[in-house]
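Residue numbers for the sequence shown, in my numbering: 1404 to 1589. Glycine residues also receive a C-beta, built at the ideal position from the N, C-alpha and C atoms. Before any comments, here is the structure.
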Amino acid sequence: MFEDIKNKLHELRLNTVAKALESNGFKVYVVPDRVTAKELILSLIPEGSVVGIGGSVTIREVGIIEELERRGFKVVHHWVKVSPEESLELRRKALTSDVYLCSSNAVTLDGKLINIDALGNRVAAMVFGPKRVIVVVGRNKLVRNVEEGVSRAKNIAAVANALRLNYKTPCTTLGYCVDCKSPERS
């Protein structure tokens, strides 16, 4: 019973966000799970496209990168074992891809995308460069307003990234952002 109520709440919030994003000029698809999301994403990418990938755990969790490579798409992403200089060059190449896949740190109920980006490559690609941008967002990223979105970006997404990258920042021991000046800050 409680699971049904949670699912209904998620459905209501997803529909609210979808309408708001559409009124902001986005084409929106609401899907029930990762498998359906992957199928939809694949259907939106024209054959022969060069596909750029933002630094996104969400995109990787969907499993799209491996499937794109299996199908013969040229995939440009910087999460490969290369030098820092080569990683930066891959980020630049992704800006000129035909299709760019990424996520946002949060999406407000009134249709605003919230992003914190260490180098700016993901946000740059979202607003200029690739011919088509596909932003994949799970229901866990829906927030009421910009203030909640910034809090989620700083205290969940940025902390999770710092933990994933083994940064030695205060947030990796505290579990929340203290707006530090650490050289490893993400």
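- Around the beta-carbon of Leu1545, 16 or more other beta-carbon atoms lie within 10 Å, marking it buried.
- Within the same chain, and ignoring the five residues on either side of Val1502 in sequence, the residues whose Cβ sits closer than 8 Å to its Cβ are Leu1447, Ile1448, Pro1449, Ser1452, Val1453, Val1454, Gly1455, Pro1533, Lys1534, Arg1535, Val1536, Ile1537.
- The C-beta distance from Glu1472 to Val1479 rounds to 11 Å, too long to meet the 8 Å contact threshold.
- Between Phe1531 and Val1431, the alpha-carbon positions lie close to 19 Å from each other.
- With distances taken between CA atoms, Ile1517 lies nearest to Val1539 out of Ala1497, Val1539, Thr1499.
- At a Cβ-Cβ threshold of 8 Å, Gly1514 and Leu1443 do not count as neighbours.
- Annotation for Ala1509: Ile1517, Lys1544, Val1546, Gly1552, Arg1555, Ala1556 place their beta carbon closer than 6 Å to its own, counting only its chain and skipping 5 residues before and after.
- With a cutoff of 8 Å on beta-carbon distance, Thr1511 and Val1485 are scored as not near each other.
- For the options Leu1568, Lys1422, Pro1435, Val1420, the alpha carbon positioned closest to that of Asn1410 is the one of Pro1435.
- Excluding residues up to 5 positions away in sequence, Ile1456, Ile1462, Val1478, His1480 lie with their Cβ nearer than 8 Å to the Cβ of Ile1468 in the same chain.
- When the beta-carbon positions are compared, Ala1497 and Ala1528 come within less than 8 Å of each other.
- Taken through DSSP and simplified to helix, strand or coil, Thr1572 comes out as coil.
- In the same chain as Leu1493, and ignoring 5 residues on each side of it, the C-beta atoms closer than 8 Å to its own belong to Val1479, His1480, His1481, Val1483, Val1485, in chain order.
- Residue nearest to Gly1458 within the set Pro1586, Gly1578, Ile1519, Phe1476 is Ile1519 (criterion: CA-CA distance).
- In this structure, Leu1417 sits near Val1433, with a CB-CB distance shorter than 8 Å.
- Counting only runs that start and end inside the segment 1464-1495, the alpha helix (DSSP H) elements of at least 4 residues fall at 1467-1473.
- At a Cβ-Cβ threshold of 8 Å, Thr1572 and Ala1565 count as neighbours.
- For a cut-off of 8 Å, the C-beta gap from His1413 to Arg1542 is around 5 Å, short enough to register as a contact.
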